[in-house]
Structure formats: C-alpha cells, structure tokens
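Asks: Sharing a structure below in structure tokens format, with a few things to ask.
Protein chains: 2
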Amino acid sequence: MNETTRTYDVIVIGGGPVGENVAERARAAGLTTVIVERELLGGECSFWACDPSKALLRPVVARADASRIPGLDPAVAGPLDVEAVLAHRDKMSSYWKDEDQVDWLNSVSVDLIRGHGRLTGPKRVAVQTPDGDTIALTARHAVAVSTGTRAALPPIPGLDTVRPWTSREATSADKVPGRLAVVGGGVVAVEMATVWQALGSQVTMLVLDNGLLERMEPFAGELVTEGLREAGVDIRFNTTVTSLTRDGGEDGEVRMTLSDGGQLVADEILLATGRAPQTRDVGLETVGLTPGDWLTVDDTFRVTDVDGGWLYAVGDVNRRALMTHQGKYQARIAGAVIGARANQEPVDDAPWGAHVATADHAAVPQVVFTTPEVASVGLTSREAERSGRRIKVVDYDLAHVAGAHQYGEDYRGRARMLVDTDRNTVVGVTFAGPGVGELVHSATIAVTGEVPLDRLWHAVPAFPTLGEVWLRLLETYRG
Amino acid sequence: MNETTRTYDVIVIGGGPVGENVAERARAAGLTTVIVERELLGGECSFWACDPSKALLRPVVARADASRIPGLDPAVAGPLDVEAVLAHRDKMSSYWKDEDQVDWLNSVSVDLIRGHGRLTGPKRVAVQTPDGDTIALTARHAVAVSTGTRAALPPIPGLDTVRPWTSREATSADKVPGRLAVVGGGVVAVEMATVWQALGSQVTMLVLDNGLLERMEPFAGELVTEGLREAGVDIRFNTTVTSLTRDGGEDGEVRMTLSDGGQLVADEILLATGRAPQTRDVGLETVGLTPGDWLTVDDTFRVTDVDGGWLYAVGDVNRRALMTHQGKYQARIAGAVIGARANQEPVDDAPWGAHVATADHAAVPQVVFTTPEVASVGLTSREAERSGRRIKVVDYDLAHVAGAHQYGEDYRGRARMLVDTDRNTVVGVTFAGPGVGELVHSATIAVTGEVPLDRLWHAVPAFPTLGEVWLRLLETYRG
C-alpha cells in the first residue's frame, strides 16, 4: 500500500457534470484543480439518467407526435424496433465508458484521480484508489462536494430480497420486462413508465399521492395521467406496497401486497420514490457535519455549517434544485466564485450577480419528456400562494392555439402564466402538451430577465407555432 | 342598382387576419367598425398561405425528424399517404369557407360588408357588392387599408399562356404534378419545394440568386439547400426562365427556355418571385396616392403622404414585415392607437410604447418550416454591418448540443447570435436545424426585452433540449 500526498488549489469530490463544470471553471480562473471520482467520469446524468433516459424517450415521444398527423399516422401504428432503441440508448450512454470525458478533462488541464474521496479535515481529502492505495490531498483554497444523490428506497418489508430497479436499472436495462411495477409518481416514474410501456411492458404504477407530478401545476399531472392511461399503463393512486417478495430465485416473479389489500405480480419493480444525498461516506464527520445529510449552502455554495469558507457543495447534494442543468449552472457560478476568492478579486453576490445563483430561487426550468410533455419554470401557483406575493394566475387552453392545431390532431394541452401584479413581470410558467419542450426557454428568459409585461406585448410569436400561446396568455391577462 | 350610405367610426378595407385584428381592437376601444372584404374573411393566411402550407409541411417535417430516430426510422421509410395529407390540408383550410370567421366577427360586434372597397376621398369608401350594388361608407375617424399582397409575376415572354401556379395554387392544389418547376429561392419557394417533392413530384428549383433564403444568414440557405437536394430536389442557382409555353392545351406540358440556354419541361410551374401590394384598385388616386404603390406609414401606421391622419395602412401592404404574425402585431397596435386618437386619449408613441410598432424595426421573428427548419429574429449579420452598430457575431455548431444528439442521428444545424457590444444585449439570432421552430420565441423575448447578457447567463436551458445552444453561444461570446 502506497501513500502519496499532493496539493491543489481546488479539490472536487464527484465527477458528474456538476463536478466537471466546477473544476473546469476553477481551472479557467487559473487554479490547479483535481476531480476525485469513484465510478465513471460524467456521472449519473451521462450514464444512468438524462442521456440514456432521453435516448429511450425520444422515439416514444416522436412516435406519439407522428401518430397525430394525418398522412403519417398509419406508418407509425406499429411497435418500435425495441432492439434498435436499446442499441441506440447504449450508444448515447457511450457504452458506459468514460474515455471521451477523460479526454475532455485532460484538454482543460484538470487532473483526475479515480477512487473514493473522503474529507479527513479542513481542506483535506483522502482518496482510496481501486488498487487499495491512499492518496492524501490538500486544497489551498477550496474543496467542492458534488457527489449528487442516489435513489432513496422506502423501508418495505422484503425489499432486500427482490433486487428492485432504481433509475439506474430503468435506464440501462437490456431486456423488456413483461410486467413492470413502478412505485412513485414523480418525474422518474412517469418517464420510465412511458418508456417501458412503449417498449412492450405492461406497466402498473403504484402512486402514494392522489396524482402524478405533484410538485408541478395540477393540470400537468392530469394530462400525463391521461397520456399514460391511453398508452395502456395501469395507474393506481393512493396506493403503496406494504410488503413484497421475489418467488423462486433470480428470475422469479415479484409478488407485492398493496395498501388496499390487493396483490400485484410483476417481473420487475422500479422504485422511483425520491433521492437521498450521496454523503454517507465522504468524511463529513471529520469537519463537524453529519454523514447522510444534505449539505446546506449559501447562494455562493459555501456550506453554511463549516467555518473558514473552504467547503462548497454544488449540484443535487445541496438540495436546491435536483436537475443536471441547474447543477451545471451552480457549477459555473461556484467555479467562478472559488476563483474570485482565491484570486482576491471582488465577489459579485448581489441578486443576479456573477457569483450568486439567484436563478435557483426564481427560475429553475424543468422538462418532463412524456406524452404529452410538461415544461415549467419559476413558481407554481401553489408556491406563489405561499410566497405572499400578489399574483394573478392566467390560464389558456393550448388546443386553441393555431400552432397546436398544426402540431397534431386532437391536440390537448394547457398553459399557465403567473404574473406578479406589483412588479408587472412573469414569475412562473407551465406548459403541458405535445411539443412544448423547446418552448420553455422563452419562459425562462422572460422570468430571469424580469421583462415587464408591456414589453412582452411586443415579443411577437411566429405564426403558426405553439409559441403563439404567449400572445393568448397576455391577451387573457389584459382581459 | 341600389345605393345606400352608412357611417362608421372606423372602416377597414381587407378582412385578412390583419384587418380582423384592427377591427376587433378598434371595436374594443368602443368604436363602431366595419370590414370590407371581396373574397373570404380570413384572407390569404387562412386559405392560401400559412394554414394550408403548414398543414402540408407538418407531415413532411415530422417524417424527416422520425427518420433520424433509431427504432422509429424503418416505420417512416415509405411515402406519405398523399390523399390523407391533402384531405387534412383541406380541413385545415376550412374547405375554403369562412363561416367560422364570420361567426367570430359577429361575436365581437364588427360589421362585415362583402364586396370590393375603394377609397373615394378623405374618410370615404365605396363598396361594390357582388350583386352590383354600391354602398357608400363614411368614416368618422379612420380608414385602414389591410389589403395585403399578391404574387408578383415577372415579365417572362409566354407567361400568359401557361397558367402558372402562385402561392395560392401551390397551397391549394389537389393533384400532385409529376414534375414541378419552382421559380424563386425565398420562403414560399423552399417551403413548397419541400412539400411537393415529399408528395411525389420531381421538383426543379430555378433560382436567380446564388443561394436560397438570401435575406437570412447564409448558413440557413446552405442547410436548406442540402436538405432539399437530399430529398431529391434539383436546384439550379443563377438560373432564370427566359421564355416559356404550354404545349397542347390545358393539360399540356410547360416548356421553359432557361438563361443558361437549356430547356426544362414540367407539368406545372410555380412562380414564387416576390409579392406586390394589393393597391392597384382601392381608389388611392382619390386621396393623392399612386395605385399599385406600397403604402408608407409612420410607426403608428398612419400613411405619411396623406393629410389629416385618417388613413392607416396595416400589414403586408405597408411593406414593413411581410408576415402574418407581424401584421397581426401591427393590427393590435393600430387598432389601439386609432381608438386612443378617436377617444382623445394620450398616444404612447415612445419606443416600445403601447401605440408604436417598435418590434417591426428590431424583432421580427420568422420560421421557415423546411427540413431543416430555420428560425430567426432581429438583425442578420449583413444588416448589423450596415447599421453601423458595434456588433459581435457569435456562431455555434448546433450538432454539438446534447439536445441535438438526442433529437436525431447525424444532426446538422447552426446557430448565430449577434451582440451589440455597446449595449451588452442580443440584437439578432438565427437558428437552422431540425426542431428549432419553437426555440425562436426565446430569442424574440431576449431581443425585445433587451435583456443584458449578464442576466441571460442566469437563464438556464433545460437539459437535454436544443435550447442549451443558448449556454454555448453565451460561453462562446465570453471566450
């Protein structure tokens, strides 16, 4: 067993997209930087989340869209070519190899140490390498924890016997289960139910709540519920699994007892029941924090409960916004502010300044790639109500927009815009309907830019696009 | 022959989308209003342009998109169902009947007089009805001319013998010509070449210029050229028709002599060679203007060469921006300002005010529904250069965006952002690539809202969407 010691300006624990971006920006600020990664560089998003899931979803969504277009619809009435879809997913996951990302990291002059990194005290990290060696690292300026999250599994009796799917297996499986039980009603649950039902599984969703996508506007979950049911998914609300077991060894069936007293049998079970921070084994106890906790940070990503301002937590692990793109945004800002502080440059932490993640509070976009799609940014009406601000909720039926008529027959969709009536700006938008995914950035710019409504009146939507819903929302607001 | 006389606050000549919106807004301001329309209420856009053309294009674009998705591509390898596409187009054109629009006009309490309206002097209009009657109208406050444009035909010897297609026939034809010659290289030409080639015609494009879509950024035309050629269209640049004839009566072939000395034979010929104002027979001579001219207006749509401020020209006929959505924008503003002046309310004509069409100069969006699509707003680099402003041109290869990888295999596309470096805002954006249509409104809001680049840095694009190109453009700008 060898022990070596190295010093860097910045040490980043966790090399997902967030860690990569923190490191790249810190390096760009002139700081020597290293990433410690125990699995694949590129992390969850590249290999077991965004990239493979969207590769699986894209043919499903495109087929659903095509099936609503007269003249094209008969061609897509048949099933997808499952083998081709899975092969494409494999390619989009880089066959679970990270050479390309390693090349990129080299190109930006950031070091990589493969192994399990743990804090051992202020500015100190020990890496246990796959060979059993230990590398002791010291940071001159900052340590950033970007270890993300893992699937949080509920304490169901029998769970240890069934080898459940989590988001990882659901995005990387190479066989279509005949019957798939999906536990949960959030984004992972609805996206993976969409995929596997379309690939041939009979999917049953077991949902604790009374609806899907409960954190979004209610109509979003309602439209996705309709879409999933029309695709053949069996959705059971207010239902949980109280116990389960896998019959007859490895390939046996999963037998579930449900909270309504019923039984359900499936070939696989996906637990999409939330996320927990990957902080159980990163040495938090050595710096006065509690292993397994989320890491609370200020708007410049310094962990608030650690003295000295050297410890940062960036991305999902800080619980501010569990989305790759938002984590990367945080990373750009964290890398910049680490650089500014190290170089004793001024820190611009006024709202919307260069070194503060104001958008985390005001404008987090999200796209759910289901049929129909859901896209949102900023506040929901429920959040707006809690905020105490004076808000007007403006709704419009997307089906009445000419661009929706053109998009496909029997278009169903909804749009909601929240206006802060004191400031005369848009503070939240939700679209649900086929094809709305690329529309969300218009809302993100409107909310982030705090563009006054009187000015938005001059932002003309091209005819006939779905974007014309903006005009209708503004007209509806004016009454 | 009867002659009646009526008085309204506002008379609108031309009941396309623009005239409808002028009338509706003036009526909403409390003014009695009448529309005079000699064809179908709803105009060119509803019956012979936007609506039918997009109904024809949507299956072509969706099929092209689907053909790039592994697992879905084999299903869409065959031809479109032409009969179903044309039947759908008929439906989307309301079977060339305007009852629904008449109902809508009634619902907003605007009168309709069917017939040919001509100015007969200041604030006076005479309508010749289909029955041969004449109705004399007097306007208390304003007359708005919204007669739009017609196809401008070039003076080619023999043209009168061939019954050429214009945009009207190209969008309403119910038979697929075996061979179609398309003269022109603008939006109508590329969209209709896309449609008819996909529906089974062998299309040959004869293009005066050295490229397509010459008013847009050069890469847009280049990508559309590639797409059309891959679809099988024969594109000949720097080529015009010098003479032509139709052989052997009604169903004979069109025989063209080309500027390069060659011959071309086709079953139909589409002339997409520009537009001319519909002002030859609207009585301009009675108010001191020249029949056939475009009508020059100020930013509140008053015709500048007529005294008294009672004559407005709104939409394509004023040549400011020949697009339905921009004409409707003008109509909203013109209706409001007519109302304000009639009611002796203050006119807000400062830039971006309620009564001035500032976006006509700064932020006209356009989407070309080809394969690939093109979407743009604001200045092109050529226009920026002419403007004398200090501009930085920022380019990015859309194929490098994760959302593009997900959109389809072998994605090709480009994005360009123009930054006014003195004001630190975006003044023009062009996207070209599959799926970019709905992305344009993000750019329209950024340009219209004059959102500073430092704030756009906080507008996070959702991963993995095409919208992530915004991040890449901003990163590229920062260098």
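Top line first, the protein sequences correspond to chains A and B. By the working numbering, the letter at position 115 of the first sequence is numbered 115, and the numbering carries on one by one without gaps. Counting from 1 along the second sequence, just add 1000 to a position and that's the residue number in the working numbering. Each residue gets a CB set at the ideal place from its N, CA and C atoms; glycine is no exception. It should be emphasised that the depicted structure is a prediction, and the values quoted were computed from it without experimental measurement.
When the cut-off is 8 Å and only beta carbons count, does B/M1192 lie next to chain A?
Replies: Position 192 of the second sequence, counted from the start, is the residue given in the question as residue 1192 of chain B. B/M1192 does not count as touching chain A.
Asks: With 7 Å as the limit, tell me which residues of the stretch 57–81 of chain A have their beta carbon closer than that to any beta carbon of chain B; keep them in chain order.
Replies: R58, P59, A62, R63, D65, A66, I69, P70, G71, L72, P74, A75, V76, G78, L80, D81
Asks: Taking Cβ positions, are A/V241 and A/Q197 nearer each other than 8 Å?
Replies: Counting from one through the first sequence, the residue named residue 241 of chain A turns up at place 241. Counting from one through the first sequence, the residue named residue 197 of chain A turns up at place 197. Their beta carbons are not under 8 Å apart, which means A/V241 does not touch A/Q197 by this criterion.
Asks: Using the Cβ count rule (16 or more neighbours within 10 Å means buried), how would you classify B/Q1406?
Replies: Here residue 1406 of chain B refers to the residue found at position 406 when the second sequence is read from its first residue. Label assigned to B/Q1406: buried.
Asks: Any beta carbon from chain A within less than 8 Å of B/P1434's own beta carbon?
Replies: For the purposes of this step, residue 1434 of chain B is taken as the residue at position 434 of the second sequence. Not an interface residue.
Asks: Starting from the Cα of A/M481, find the closest Cα among A/R332, A/V367, A/G249 and give me that residue.
Replies: In the structure displayed, chain A extends from 1 to 479; residue 481 of chain A sits before or after that span and is not available.
Asks: Using a Cβ-Cβ distance under 8 Å, would A/G467 count as near chain B?
Replies: Working through the first sequence from its first residue, we reach residue 467 of chain A at position 467. It does: the Cβ of A/G467 has a partner Cβ on chain B nearer than 8 Å.
Asks: Could you check whether A/T120 and A/G283 sit closer than 8 Å to each other, using their CB atoms as the reference points?
Replies: For this step, residue 283 of chain A is matched to residue 283 along the first sequence. For this step, residue 120 of chain A is matched to residue 120 along the first sequence. If you check the CB distance, A/G283 and A/T120 come in under 8 Å.
Asks: Quick check: B/A1266 and B/T1204, are their CB atoms within less than 8 Å of each other?
Replies: By one-based count along the second sequence, residue 1266 of chain B stands at place 266. By one-based count along the second sequence, residue 1204 of chain B stands at place 204. For B/A1266 and B/T1204, yes; Cβs fall inside 8 Å.
Asks: Give a yes or no on whether the minimum CB-CB distance between A/F431 and chain B is below 8 Å.
Replies: Here residue 431 of chain A is taken as the residue at index 431 of the first sequence, counted from 1. Cβ-Cβ to chain B under 8 Å: no for A/F431.
Asks: Starting from B/E1373, follow its DSSP beta bridges and name the residues at the other end.
Replies: Along the second sequence, read from residue 1 onward, the residue named residue 1373 of chain B stands at position 373. Beta-bridge pairing links B/E1373 to B/G1433.
Asks: Within 8 Å (strictly less), CB to CB, does B/I1338 reach chain A?
Replies: In the second sequence, counting from the first residue as 1, residue 1338 of chain B sits at position 338. B/I1338 does not count as touching chain A.
Asks: Under the DSSP definition of a beta bridge, which residues are partnered with B/R1236?
Replies: Within the second sequence, numbered from 1, the residue matching residue 1236 of chain B stands at position 236. Looking at the DSSP assignment, B/R1236 forms a beta bridge with B/L1206.
Asks: Pick out whichever of B/R1118, B/L1153, B/V1347 has its Cα sitting closest to the Cα of B/A1136.
Replies: Position 136 of the second sequence, counting from 1, holds the residue named residue 1136 of chain B. Closest option to B/A1136, Cα to Cα, is B/R1118.
Asks: Between A/M216 and chain B, is the shortest Cβ-Cβ distance under 8 Å, so that the two count as touching?
Replies: Along the first sequence, one-based indexing puts residue 216 of chain A at 216. Not an interface residue.
Asks: Could you name the residues of the same chain whose beta carbon sits closer than 8 Å to that of A/N210, not counting the 5 residues immediately before and after it, in chain order?
Replies: Here residue 210 of chain A refers to the residue found at position 210 of the first sequence. Correct list, in chain order: F237, N238.
Asks: Return the chain-ordered list of same chain residues with a C-beta closer than 7 Å to the C-beta of B/L1057, the five sequence neighbours on each side being excluded.
Replies: For the purposes of this step, residue 1057 of chain B is identified with residue 57 of the second sequence, where counting begins at 1. Same-chain partners within the cutoff: E1191, T1194, V1195, F1369.
Asks: So is B/D1400 buried or exposed if we call it buried at 16+ other beta carbons inside 10 Å?
Replies: Counting from 1 along the second sequence, the entry for residue 1400 of chain B is found at position 400. Checking the displayed sequence, the identity of residue 1400 of chain B turns out to be His instead of Asp. Exposed: under 16 other Cβ atoms inside 10 Å.
Asks: Show which residues of chain B have a CB atom less than 7 Å away from the CB atom of A/R320.
Replies: The residue labelled residue 320 of chain A in the question sits at position 320 within the first sequence. Simply none; closest approach about 12 Å.
Asks: Looking at chain B, which residues of the stretch 438–450 of chain A have a Cβ within less than 9 Å of any of its Cβ atoms?
Replies: E438, L439, V440, H441, S442, A443, T444, I445, A446, V447, T448, G449, E450
Asks: Please return the same chain residues whose Cβ sits closer than 7 Å to the Cβ of B/P1130, not counting the five positions on each side in sequence.
Replies: The sequence position of residue 1130 of chain B within the second sequence is 130, counting from 1. Result list for B/P1130: R1114, G1115, in chain order.
Asks: Quick one: grab the DSSP three-state call for B/P1155.
Replies: One-based indexing of the second sequence puts residue 1155 of chain B at position 155. Here B/P1155 sits in coil by DSSP.
Asks: Beta-carbon of A/Q406 versus every beta-carbon of chain B: anything under 8 Å?
Replies: The sequence position of residue 406 of chain A within the first sequence is 406, counting from 1. Cβ-Cβ to chain B under 8 Å: yes for A/Q406.
Asks: Would you tell me roughly how many angstroms separate the C-alpha atoms of B/A1144 and B/P1277, rounded to the nearest one?
Replies: Along the second sequence, read from residue 1 onward, the residue named residue 1144 of chain B stands at position 144. Along the second sequence, read from residue 1 onward, the residue named residue 1277 of chain B stands at position 277. When rounded, the distance between both Cα atoms is 15 Å.
Asks: Hey, is the stretch 1031–1042 of chain B in contact with the stretch 32–52 of chain A, meaning 3+ C-beta pairs nearer than 8 Å?
Replies: no
Asks: Would you list the residues sitting across from A/H116 in a DSSP beta bridge?
Replies: The residue labelled residue 116 of chain A in the question sits at position 116 within the first sequence. In the DSSP output, where bridge partners are listed per residue, A/H116 has A/Q128.
Asks: When the Cβ atoms of the stretch 1064–1084 of chain B are set against those of the stretch 1004–1020 of chain B, are three or more pairs found closer than 8 Å?
Replies: no
Asks: Could you pull the DSSP bridge partners for B/E1037 from this structure?
Replies: Within the second sequence, the letter at position 37 stands for residue 1037 of chain B. For B/E1037, which the question treats as bridged, DSSP gives the partners B/R1114.
Asks: Where B/A1066 and A/A66 are concerned, what is the direct C-alpha to C-alpha distance, given to the nearest angstrom?
Replies: Reading the second sequence from its first residue, position 66 is the one you call residue 1066 of chain B. Reading the first sequence from its first residue, position 66 is the one you call residue 66 of chain A. Roughly 8 Å between the two C-alpha positions.
Asks: Using a C-beta to C-beta distance shorter than 7 Å, which residues of chain B count as neighbours of A/E366?
Replies: Along the first sequence, one-based indexing puts residue 366 of chain A at 366. A small fix is needed here, since residue 366 of chain A is Gln in this sequence, not Glu. The answer, in chain order, is A1462.
Asks: Measure the C-alpha to C-alpha separation of A/A480 and B/V1394 and round it to an integer number of angstroms.
Replies: What is shown of chain A runs 1 to 479, which leaves residue 480 of chain A out entirely.
Asks: If you run the structure through DSSP and keep just helix, strand and coil, what is B/K1054?
Replies: On the second sequence, position 54 is the one that residue 1054 of chain B refers to. In the structure shown, B/K1054 sits in a helix (DSSP, three-state: H, G or I).
Asks: I'd like to know whether the C-beta atoms of B/H1458 and A/T161 end up nearer to each other than 8 Å.
Replies: Looking up residue 1458 of chain B in the second sequence gives position 458. Looking up residue 161 of chain A in the first sequence gives position 161. No; because the gap between Cβ atoms is not below 8 Å, this pair is not in contact.
Asks: Quickly, what does DSSP pair B/G1121 with across the bridge? List them, please.
Replies: On the second sequence, residue 1121 of chain B is found 121 positions in, with the first residue counted as 1. BP columns for B/G1121 point to B/R1124.
Asks: Which residue marks the beginning of the alpha helix (DSSP H) containing A/K328, and which one marks its end?
Replies: Here the question's residue 328 of chain A lines up with position 328 in the first sequence. First-last of the alpha helix (DSSP H) with A/K328: 324–342.
Asks: Counting only Cβ pairs nearer than 8 Å, list the residues of chain A close to B/Q1326.
Replies: As a first step, residue 1326 of chain B must be located in the second sequence, where it is residue number 326. Correct list: V460.
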